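Notes follow once the structure below has been shown.
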Amino acid sequence: MNPPIERGSTRVFRSLSALRIAQGLAQERAVYGRSGGETHRRLEQAIAALEGAEGTVLTPSGLSAITCAFLSCVNRGDHVLVADSIYEPSRMFCDQMLRRFGIEVSYFDPGRAAQIAREIRPNTRALLCESPGSVTFEMLDLRALSAVTRAHGVTLIVDNTWATPLFCNPLALGADIVVHSGTKYILGHADAFLGTISANGEALQRVSASARCLGMHVSPDECYLALRGLRTLSVRMEQHFRAGLDIAQWLQNRHEIEAVLHPALPEDSGHALWQRDFRGASSLFSLVLKPAPTSALEAFFEGLSLFGIGYGWGGFESLMMPYDVAALRTASGWRYEGPLVRIHVGLEDVCALKAELDAALNRYRCFLRTPQACVWRIENQAATGS
Ligand SMILES: *Cc1c(COP(=O)(O)O)cnc(C)c1O
Numbered sequence: 001m002n003p004p005i006e007r008g009s010t011r012v013f014r015s016l017s018a019l020r021i022a023q024g025l026a027q028e029r030a031v032y033g034r035s036g037g038e039t040h041r042r043l044e045q046a047i048a049a050l051e052g053a054e055g056t057v058l059t060p061s062g063l064s065a066i067t068c069a070f071l072s073c074v075n076r077g078d079h080v081l082v083a084d085s086i087y088e089p090s091r092m093f094c095d096q097m098l099r100r101f102g103i104e105v106s107y108f109d110p111g112r113a114a115q116i117a118r119e120i121r122p123n124t125r126a127l128l129c130e131s132p133g134s135v136t137f138e139m140l141d142l143r144a145l146s147a148v149t150r151a152h153g154v155t156l157i158v159d160n161t162w163a164t165p166l167f168c169n170p171l172a173l174g175a176d177i178v179v180h181s182g183t184k185y186i187l188g189h190a191d192a193f194l195g196t197i198s199a200n201g202e203a204l205q206r207v208s209a210s211a212r213c214l215g216m217h218v219s220p221d222e223c224y225l226a227l228r229g230l231r232t233l234s235v236r237m238e239q240h241f242r243a244g245l246d247i248a249q250w251l252q253n254r255h256e257i258e259a260v261l262h263p264a265l266p267e268d269s270g271h272a273l274w275q276r277d278f279r280g281a282s283s284l285f286s287l288v289l290k291p292a293p294t295s296a297l298e299a300f301f302e303g304l305s306l307f308g309i310g311y312g313w314g315g316f317e318s319l320m321m322p323y324d325v326a327a328l329r330t331a332s333g334w335r336y337e338g339p340l341v342r343i344h345v346g347l348e349d350v351c352a353l354k355a356e357l358d359a360a361l362n363r364y365r366c367f368l369r370t371p372q373a374c375v376w377r378i379e380n381q382a383a384t385g386s
């Protein structure tokens, strides 16, 4: 049932004519082991099938998938557009590396994506976005966006990590290149790093050439783990979807919270787009707390046991992370004053997760200027004698 783990190795040939035949195949794989063997091919084929793509290229991490996709379509003097809601390290690559190689980078407000045509310059070559943004969860109209990028010869690169290939297929909506951090839900067990890039036709050829030039190599063990993750992806995602939405809805009723940012909630501004383009939702979403002193957020994060404080979501475990959104953005404002907390709902018992969130919100409430009873603070002060 499962492929063997074919380790990376050099290839040897019995004769010069056998070498020449392999060289004639014009595939690096036929002459040298860097681009992988059977284990890699199985995973490439599986991701390509799930994304409805002609082919998939593997990279060592989600970030390297993004950088490799970018480098496949830009030249010195070009301009790229990036959504202001993008995954932060993608921004670091654009600002620190693309700019150094003479490529102009500008960010656009995801709330104004309908006016993207105005941002396109004669030298614009690529546009990178995520829908929804994986911290702030604004949805983008990928169909409308791709109509504009197509008309201007701009390569549309979509980071589809949040939805997984099960819940959304950006190529079918008009994207040219789809990337995933396989590290998240695809591997699904918080135990390895992997990236994938899927595309068709000329875009795929350029991505393959870019990966070859950059020397991208993934361990076959990681490919094996990703294949194993894929076998349970549908059941895990169904549980993540249900549990995440249940907790998001439950949080909406808490008065410590200003807003819950989750496109599967009917009240969310991106809900109609989510309904149109997605078959489900993952369990990563954010809540915005009412403004309170910094110590309130510290109290919120104090003594958590099920929720870890960490970045790398998509595994079995629940996580939370605070973000200062205003500090991340350069092209758009942020309408909320209070702190944003991103939540990843893992596969634990939903009631136990709610109990832990309930306790965290009760601790937070003590710092709000409201008449609500504040037992935690009083008890805490008594315990510390302050
Ligand atoms: C984590 C993440 C990445 C980067 O993936 P790594 O495998 O950690 O390099 C890219 N995009 C999004 C949306 C992510 O959450």
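Take 1 as the starting number for the sequence shown in my numbering and just add one per residue. Each residue gets a CB set at the ideal place from its N, CA and C atoms; glycine is no exception. Nothing here was measured: the structure is a model prediction, and the numbers come from that model.
Close beta carbons around Ala113, own chain, < 7 angstroms, minus the five adjacent residues each side: Leu140, Asp141, Leu145
Are at least three pairs of beta-carbons, each pair with one atom in the stretch 309 to 326 and one in the stretch 250 to 265, less than 8 angstroms apart? no
Taking 7 angstroms as the limit between beta carbons, can you name the residues of its chain near Gly102, skipping five residues before and five after? Arg76, Gly77
Closer than 8 angstroms: Gly195 CB and nearest ligand 1 heavy atom: yes
Gly280 versus Leu173 - alpha carbon distance: 16 angstroms
Going by DSSP, which residues form a beta bridge with Cys129? Val158
Status (buried if at least 16 other CB within 10 Å, exposed otherwise) for Ile309: exposed
Checking the sheet assignment: what are the DSSP bridge partners for Arg342? Ser286, Met321
Between the Cα of Gly303 and those of Pro220, Asp246, Ala359, His180, spot the shortest distance and give me the residue it belongs to. For Gly303, the nearest C-alpha among the options comes from Ala359.
Please give me, in chain order, every unbroken run of the alpha helix (DSSP H) with length at least 4 that falls completely inside the stretch 158 to 218. 164 to 167, 201 to 214
Nearest-angstrom Cα distance between Val148 and Cys213? Val148 and Cys213: Cα-Cα distance of roughly 30 angstroms.
In whole angstroms, what separates the C-alpha of Leu156 from that of Gly244? 29 angstroms
When you compare the CB positions of Leu284 and Val341, do they come within less than 9 angstroms of one another, or not? No, these two residues do not count as a Cβ contact at 9 angstroms.
Tell me whether Leu230 counts as near ligand 1, meaning its Cβ is closer than 8 angstroms to at least one heavy atom of that ligand. no
Ser61: CB within 8 angstroms of a non-hydrogen atom of ligand 1: Checking the Cβ of Ser61 against ligand 1 gives yes.
With DSSP collapsed to three states, give me the class of Ala147. helix
Determine whether the beta carbon atoms of Ser134 and Thr161 lie at a separation below 9 angstroms. yes
Ordered along the chain, which non-local residues of its own chain (more than five positions away) have a Cβ less than 8 angstroms from that of Asp221? Ile5, Ala192
Which full runs of the beta strand (DSSP E) of 3+ residues lie inside the stretch 241 to 284, going along the chain? 257 to 261
Unbroken alpha helix (DSSP H) run spanning His152, endpoints: Taken as a continuous stretch (DSSP letters only), His152 belongs to no alpha helix (DSSP H), as it is neither H nor E.
Where Met13 falls, given that 16 or more other Cβ within 10 Å makes a residue buried: Reading off the sequence shown, one finds Phe at residue 13, where the question assumed Met. Its Cβ having fewer than 16 others within 10 Å, Phe13 is exposed.
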